[in-house]
Amino acid sequence: MRAISYSSPGGPDVLQLVERPVPEPGPGEVRVRVAFSGVNPTDWKSRSKTPPGPDGQVPNQDGAGTVDAVGQGVEPAMLGQRVWMWEAAWQRPWGTAAEFTVVPARHVVLLGEATSFELGAALGIPFLTAHRCLTVAESLPDRLGPGALTGHTVLVQGGAGAVGNAAIQLARWSDATVIATVSSPRKAQLAAAAGADHVVDYRQQDVVAEVRKVAPKGVDAIVEVSAAVNAGIDAQVIGMHGAVAMYADDGGAEVTVPVRLQMGPNARWQFVLVYTEPERAKVLGIEDVATAVADGTLRVGEEAGLPLHVYPLAETAAAHQAVQDGAVGKVLVDVTPERRVDTSRGRPVDVSTCRHACAVVPRGVDPCGPDRDRGYDADPHGGAR
């Protein structure tokens, strides 16, 4: 099979396309035939700083595909299930930038037939991070869902980013009033498409004044991408018993907080790293995100405020570079074997995956159904390469 691997930390150029044996799942593990691999900032940061093990590292934490083998102790009923994966490469050598990967069974979540693999590959890190950010305030519940945030107001700093988009979608699903900040009219369109009730261009408007118009007593939660830059604003708009949840260090690594101003509302400043969050919070986040997916609430694509940028597996280095350069939207790696890609219309960006995660074809074509004789996949259910 084909996989992306690196044997030493460094820039995107350390990522190499290699041939590897198809891995076998161990006890408690499943093997997933990967359709799409999601790329997040954490993936390029790990690649650039963390030395891999002696056998190299397959990058990328998130992905979606179909379970095609199970290890000892895993229910056989998992075979053939469509799933999305979370933290596939966390302290493990197998990420999702490969045609097959093995992960602990608890790291896969069922994905319904009506849900695209593109959405599945976009869920993990961004949506679980957003869930944690929206549930750390003492004034808010620890579960999300319809009605959970009724009467509450959330400020999403950086509403056009992947986590910002996820926070907007989850907060609106939970019936919160959502204010999002952005840096341009284009990003304002994306935040509004995601569902934000109010969008503030911080380069053109006074954020504190605009937020106070919507929430005179302050907001209940702030999802913060750049605390070093926004701490002064956050301190002025956080409400009673609210929380500023910091999930990134964009704009600087040190934060200065006006202490006295935060004592009055008993505000909480919470650091968030999804990998090490409390186990109960992680479980609740996975359950709630899965429910939102099943409800048909979560979306990806331009119309959802999250444009997709799709790269073939061989161009994973370019995908990493795009994220590192701050691509607006979601970067995905199409892991489908190149020999099965229809290239009649050029680079395969506007494509879909059949229900078995075995072929990439033009949208609307089902190679496992009546379209099979059109030659898009000569062997849709063939074995691993």
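With our numbering applied, the sequence shown closes on residue 502, and no number is skipped along the way.
Glycine residues also receive a C-beta, built at the ideal position from the N, C-alpha and C atoms.
Model, not experiment: these values are computed from the prediction.
Within the DSSP bridge table, the entry for Glu146 names Pro221 as partners. For the set Gly155, Pro193, Met118 and Gly143, the Cα lying nearest the Cα of Thr433 is the one of Gly155. C-alpha of Thr232 to C-alpha of Gly413: approximately 8 Å in a straight line.
DSSP, read as helix, strand or coil, puts Ser124 in coil.
Rounded to the nearest whole angstrom, the C-alpha separation of Leu423 and Ala311 is 8 Å.
Judged by beta-carbon spacing, Gly180 lies within the 9 Å limit of Thr213, meaning their Cβ atoms are closer than that value. Inter-segment contact for the region 400 to 407 and the region 370 to 385 is absent: fewer than three beta-carbon pairs are separated by less than 8 Å. Between the alpha carbons of Leu257 and Trp207 lies a gap of roughly 29 Å. Contact between the region 386 to 394 and the region 241 to 253 is present: three or more C-beta pairs spanning the two stretches fall below 8 Å. Burial check for Thr167: the Cβ neighbour count within 10 Å stays below 16, so the residue is exposed. Here DSSP, grouped into helix, strand and coil, assigns Pro395 to coil. Fully contained in the region 395 to 433 are the following beta strand (DSSP E) runs of length 3 or more, in chain order: 425 to 429. Bounds of any alpha helix (DSSP H) do not take in Trp201; it lies within the beta strand (DSSP E) bounded by Arg199 to Met202. Leu415 and Ala205 have their alpha carbons spaced roughly 21 Å apart. Inter-segment contact for the region 284 to 298 and the region 435 to 445 is absent: fewer than three beta-carbon pairs are separated by less than 8 Å. A distance below 6 Å between beta-carbons, with the five flanking residues on each side excluded, links Gln387 to the following residues of its chain, in chain order: Val253, Ala360 and Ala362.
By a beta-carbon distance limit of 8 Å, Ala293 contacts His269. Their separation comes to about 5 Å. Counting the other CB atoms within 10 Å of its CB gives Glu419 a total below 16, which places it among the exposed residues. Cα atoms of Val271 and Asp172: separation of roughly 44 Å, rounded to the nearest angstrom. The straight-line gap separating the alpha-carbon atoms of Asp442 and Thr159 is approximately 13 Å. Of the candidates Trp161, Ile121 and Ala313, Ala313 places its Cα closest to the Cα of Ala283. Pro140 is the residue among Glu327, Ser301, Pro140 and Gly369 whose C-alpha sits nearest the C-alpha of Pro210. If you keep only unbroken beta strand (DSSP E) runs of at least 3 residues inside the region 204 to 286, you get 217 to 221, 225 to 227 and 270 to 274. Ranked by Cα distance from Ser163, the first of Gly241, Ile350, Val374 and Gly127 is Gly127.
Looking from the CA of Pro144, the closest CA among Asn157, Ser165 and Ala186 belongs to Ala186. An exposed status is given to Arg303, since fewer than 16 other beta-carbon atoms sit within 10 Å of its beta-carbon.
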